[in-house]
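One structure is given here, and the rest of the page talks about it.
Number of protein chains: 2
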Amino acid sequence: MSARTRPATLKDVAEAAGVSISTVSRVFSSPGRISPETSRRVREVASRLRFSPNVMARSLITGTSPNIGLVVPDISNPYMTTLLKAAQRVSRLQSTGIFVADTDDSADIEREVCEQFAQQSRGVVLCAPRMSTSHIREISQLVPLVLVNRVVEGIPSIYTDSRAALRELFDDLVEQGHRRIAYLPGPAASWSNKQRARTVTDRAKALDVELVRLDPTEGFHADGVAAAAAVLKHGVTAVMAFDDVLAAGLVEGLRRLGKSVPDDVSVTGHDDILSELVHPGLTTVTGQSDRVGQLAVARLLDGSDSDGAVGVKATVVRRLSTAPPRTA
Amino acid sequence: MSARTRPATLKDVAEAAGVSISTVSRVFSSPGRISPETSRRVREVASRLRFSPNVMARSLITGTSPNIGLVVPDISNPYMTTLLKAAQRVSRLQSTGIFVADTDDSADIEREVCEQFAQQSRGVVLCAPRMSTSHIREISQLVPLVLVNRVVEGIPSIYTDSRAALRELFDDLVEQGHRRIAYLPGPAASWSNKQRARTVTDRAKALDVELVRLDPTEGFHADGVAAAAAVLKHGVTAVMAFDDVLAAGLVEGLRRLGKSVPDDVSVTGHDDILSELVHPGLTTVTGQSDRVGQLAVARLLDGSDSDGAVGVKATVVRRLSTAPPRTA
DNA sequence: ACGTCCTTGTCAAAGGTTTGCACAGATTCT
DNA sequence: AGAATCTGTGCAAACCTTTGACAAGGACGT
Chain B
528 MSARTRPATL
538 KDVAEAAGVS
548 ISTVSRVFSS
558 PGRISPETSR
568 RVREVASRLR
578 FSPNVMARSL
588 ITGTSPNIGL
598 VVPDISNPYM
608 TTLLKAAQRV
618 SRLQSTGIFV
628 ADTDDSADIE
638 REVCEQFAQQ
648 SRGVVLCAPR
658 MSTSHIREIS
668 QLVPLVLVNR
678 VVEGIPSIYT
688 DSRAALRELF
698 DDLVEQGHRR
708 IAYLPGPAAS
718 WSNKQRARTV
728 TDRAKALDVE
738 LVRLDPTEGF
748 HADGVAAAAA
758 VLKHGVTAVM
768 AFDDVLAAGL
778 VEGLRRLGKS
788 VPDDVSVTGH
798 DDILSELVHP
808 GLTTVTGQSD
818 RVGQLAVARL
828 LDGSDSDGAV
838 GVKATVVRRL
848 STAPPRTA
Chain P
528 MSARTRPATL
538 KDVAEAAGVS
548 ISTVSRVFSS
558 PGRISPETSR
568 RVREVASRLR
578 FSPNVMARSL
588 ITGTSPNIGL
598 VVPDISNPYM
608 TTLLKAAQRV
618 SRLQSTGIFV
628 ADTDDSADIE
638 REVCEQFAQQ
648 SRGVVLCAPR
658 MSTSHIREIS
668 QLVPLVLVNR
678 VVEGIPSIYT
688 DSRAALRELF
698 DDLVEQGHRR
708 IAYLPGPAAS
718 WSNKQRARTV
728 TDRAKALDVE
738 LVRLDPTEGF
748 HADGVAAAAA
758 VLKHGVTAVM
768 AFDDVLAAGL
778 VEGLRRLGKS
788 VPDDVSVTGH
798 DDILSELVHP
808 GLTTVTGQSD
818 RVGQLAVARL
828 LDGSDSDGAV
838 GVKATVVRRL
848 STAPPRTA
């Protein structure tokens with residue numbers, strides 16, 4: 528049943544076509560060196576034998592591999608699966624396989640899988656929002672890196688640039704009449720969280736609006752639920768959450784306390800990953816993770832050793848979780 | 528900056544330790560053949576040089592590789608990410624990398640990635656609910672397969688066995704007083720869908736309860752939303768949906784039509800992937816995808832060429848989307 | 001007629017590892 | 001004491017491919 532036959536090698540094809548091994552190899556790897564007639568015959572035999580070059584042998588001698596790695600803290604986050612899908616769409620065109628590893632934000636696992644992937648990959652797309660900069664530098668000695676959603680001097684990176692969108696969202700709220708707004712943070716060590724907190728804080732200062740910075744969270748749904756009490760205690764009329772998961776949790780938490788969104792409190796998220804699932808639909812900011820994934824892989828495969836940071840502009844998505852405050 | 532140094536080889540270690548290449552190789556691959564003293568010295572030198580055996584070279588000669596593939600129709604489904612995480616937890620212990628491919632249910636892509644993975648993997652965990660049996664057989668010639676959530680004679684497989692749980696759920700509904708119940712199908716060609724439809728149909732017959740079988744869907748959230756109208760038209764008091772995504776869509780669709788769950792209609796899902804996000808919490812059936820992933824990988828790595836199908840028993844999760852019918 | 005160049009194809013080395021076989025020395029058995 | 005066994009190590013082939021060097025043969029210019 529599972530009698531798998533040994534795959535054909537260059538040698539098999541060469542013998543069957545009556546030419547030398549190197550001739551067959553060149554038919555595929557350096558076309559033009561071989562006469563059209565020979566080439567045709569070889570190709571025909573090769574496809575009859577279902578020949579396909581042995582990746583290991585090829586990699587061994589060329590020193591490169593047809594794979595890339597994708598290392599993320601939590602693959603179950605829809606932001607990441609979207610990114611993965613986009614990454615695959617690009618890599619498939621170059622018959623490049625993708626290794627995926629979920630690190631659970633553990634520095635040990637990150638290190639371990641990067642080492643493992645280093646040998647078998649052209650490079651690694653690394654999303655490690657909480658990893659120390661020095662640790663990242665260390666890993667980049669091991670294998671070419673493209674960073675996602677964080678910027679480290681000297682290492683290429685692609686990130687969702689949501690600063691403008693967040694300012695726009697903030698301005699929206701203020702225009703609707705909100706004067707006390709809270710920011711519900713994600714993981715304190717996360718690069719993105721720092722960016723977003725800073726953007727919102729700056730904007731609040733610029734518009735002279737009061738901003739309440741709630742306690743840092745781990746970014747789980749339950750953290751959002753738990754934050755509802757604090758939100759009510761501070762008496763804010765709008766909350767900008769670090770991401771959609773927290774925002775959804777907050778909506779649920781408020782509901783449990785008998786409050787309604789957006790009537791009692793307006794809530795915004797980030798990443799646009801829960802558009803359909805939550806009620807009311809979340810006003811949020813697109814994550815553009817597909818574009819980020821696409822660019823990250825392209826960057827890795829291009830091989831151009833550019834080391835700048837590329838930001839992908841996010842945009843505002845207005846849904847039903849925001850409205851003017853009741854007292855306005 | 529990105530000056531990566533050539534990794535150490537057996538040769539380097541051998542020279543530095545003053546022994547032959549094969550001795551160094553044996554220190555790592557067939558321990559016991561080498562004297563403790565030599566072994567100690569070699570290990571010391573090796574770790575000083577940060578030696579780690581070249582995977583390509585090793586695979587080339589042994590004919591096996593330290594990777595496995597995971598091929599799924601849609602990686603963004605939480606069932607699959609949970610499965611992936613569990614799979615990785617197992618494979619990591621054996622320093623086995625995981626290739627991931629999302630096929631979008633395209634037979635072409637499935638074939639393509641399986642071929643690609645075949646060369647570089649010990650085997651592939653394949654979830655292809657709609658692929659034809661003959662096609663699966665063909666692929667299993669190419670590379671060792673473990674099937675997920677479908678059973679094909681002669682090929683090892685692991686699946687969530689939710690038949691008992693679905694019967695229990697059905698009985699619950701009947702006991703609560705429901706007498707007209709609908710089944711909201713997923714993709715018609717899906718193995719799981721057939722199983723679930725059959726289970727529910729049989730149970731309805733056994734209990735002499737009326738079962739309405741709604742039109743097949745593609746399984747998207749929007750399909751669930753759209754199905755709300757049909758549900759009302761048929762005047763059922765409870766709907767068992769193919770999975771949680773459809774169930775969530777249906778809840779949303781009913782809400783848009785001014786109906787409430789569970790007051791007007793009870794709804795159940797399958798897989799338990801949206802527990803926190805949907806309101807009201809869905810009564811559903813656990814997917815056990817972590818257990819499925821764990822077993823699938825273990826099966827692949829064990830190498831024992833068993834070819835049976837292993838079912839993982841699902842259990843009922845009661846939440847707030849089910850209640851006695853209003854008229855009861 | 002001879003040297004030059006081009007085309008087409010072959011030879012052989014290289015890449016890093018595993019492993020069957022051989023060999024030397026030490027130990028045990030008869 | 002000599003043979004048989006065992007232990008520890010080295011040699012070299014093999015896995016399959018790529019690629020630089022090179023050879024044979026034809027076309028061409030002088």
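Chains as they are written, first to last, in the working numbering: chain B, 528 to 855; chain P, 528 to 855. Think of the CB as a built atom: it goes at the ideal place given N, C-alpha and C, for glycine as much as any other residue.
Per-residue contacts from residue i into chain B (C-beta, under 9 angstroms)
i: Ser816/P; result: What Ser816/P touches in chain B: nothing, since even the nearest Cβ is about 11 angstroms away.
i: Ile602/P; result: Ile602, Thr608, Leu611, Lys612, Gln615, Val627
i: His797/P; result: Under the 9 angstroms cutoff, chain B gives no residues; its nearest Cβ is about 16 angstroms from His797/P.
i: Ala775/P; result: Glu803, Leu804
6 angstroms CB neighbourhood of residue i in its chain, flanking five on each side removed
i: Ala836/P; result: Val678, Ser684
i: Met528/B; result: Only weak support exists for where Met528/B lies, its pLDDT of 43 falling under 50; the value from the coordinates is given anyway. Counting only Cβ-Cβ distances below 6 angstroms, and skipping sequence neighbours, we find nothing.
i: Val569/B; result: Ala544, Val551, Val554
i: Ser586/P; result: Ser592
i: Gln703/P; result: Pro851
i: Arg694/B; result: Arg730
Limits of the unbroken beta strand (DSSP E) element including residue i
i: Ala768/P; result: 765-768
i: Gly808/P; result: From DSSP, Gly808/P is part of no beta strand (DSSP E); its letter is neither H nor E.
i: Gly751/P; result: Run containing Gly751/P: none in the beta strand (DSSP E); it sits in the alpha helix (DSSP H), 748-761.
Host alpha helix (DSSP H) of residue i (start-end)
i: Lys840/B; result: Not the alpha helix (DSSP H): Lys840/B falls in the beta strand (DSSP E), residues 836-840.
i: Gly780/P; result: 771-783
i: Gln621/P; result: No alpha helix (DSSP H) contains Gln621/P, which DSSP labels as neither H nor E.
i: Gly820/P; result: 816-829
i: Pro563/P; result: 563-575
i: Val550/P; result: According to the sequence as given, residue 550/P is Thr; it is not Val. Start and end: 548-556.
Within chain P, partners of residue i - CB distance below 8 angstroms
i: Asn676/B; result: Simply none; closest approach about 18 angstroms.
i: Pro605/B; result: Ser603
i: Arg782/B; result: His806
Cβ shell of residue i (< 7 angstroms), same chain only, five flanking positions each side left out
i: Asp688/B; result: Gly838, Val839, Lys840, Ala841
i: Ala753/P; result: Gly780
i: Val736/B; result: Val701, Arg706, Ile708
Under 9 angstroms from the C-beta of residue i: neighbouring residues of chain P
i: Glu869/B; result: The requested residue 869/B is not part of the displayed model; chain B covers only 528 to 855.
i: Phe644/B; result: Gly624
Contact list for residue i against chain B, beta-carbon separation under 7 angstroms
i: Met583/P; result: Met583, Ser586, Leu587
i: Gln668/P; result: Arg531
i: Gln647/P; result: Val582, Gly624
Helix, strand or coil at residue i [DSSP, three-state]
i: Asp539/B; result: helix
i: Ser793/B; result: strand
i: Arg707/P; result: strand
i: Arg638/P; result: helix
i: Glu665/P; result: helix
i: Val670/P; result: coil
i: Thr687/B; result: strand
i: Met583/P; result: helix
i: Val617/P; result: helix
Sheet register partners of residue i (DSSP bridge)
i: Phe626/P; result: Phe626/B, Gly596/P
i: Ile682/P; result: Val679/P
i: Leu738/P; result: Ile708/P
i: Gly873/P; result: The question about residue 873/P has no answer here: the residues shown for chain P are numbered 528 through 855.
i: Val844/B; result: Thr811/B
i: Asp699/P; result: Note: Asp699/P sits in no beta bridge, so no partner.
i: Asp798/P; result: Thr813/P
Cross-chain neighbours of residue i in chain P, by beta carbon under 7 angstroms
i: Gln621/B; result: Simply none; closest approach about 11 angstroms.
Within chain B, the residues that residue i reaches when beta carbons sit closer than 8 angstroms
i: His761/P; result: Correct list: empty, because the minimum Cβ distance to chain B is about 24 angstroms.
i: His748/P; result: Glu803, Leu804
Spatial neighbours of residue i in its chain, beta-carbon cut-off 8 angstroms, leaving aside the 5 residues before and after
i: Cys641/P; result: Gly596, Val598, Val651, Leu653, Ile666, Leu669, Val670
i: Gly762/P; result: Arg707
i: Leu784/B; result: Ala755, Ala756, Leu759
i: Ser787/B; result: Leu781
i: Asp631/P; result: Pro600, Asp601
i: Ser802/P; result: Gly808, Leu809, Thr811, Val844, Arg846
Any non-hydrogen atom of the ligand PLP closer than 7 angstroms to residue i Cβ
i: Ala645/P; result: Among the components of this structure there are no ligands whatsoever, and the ligand PLP is therefore not found.
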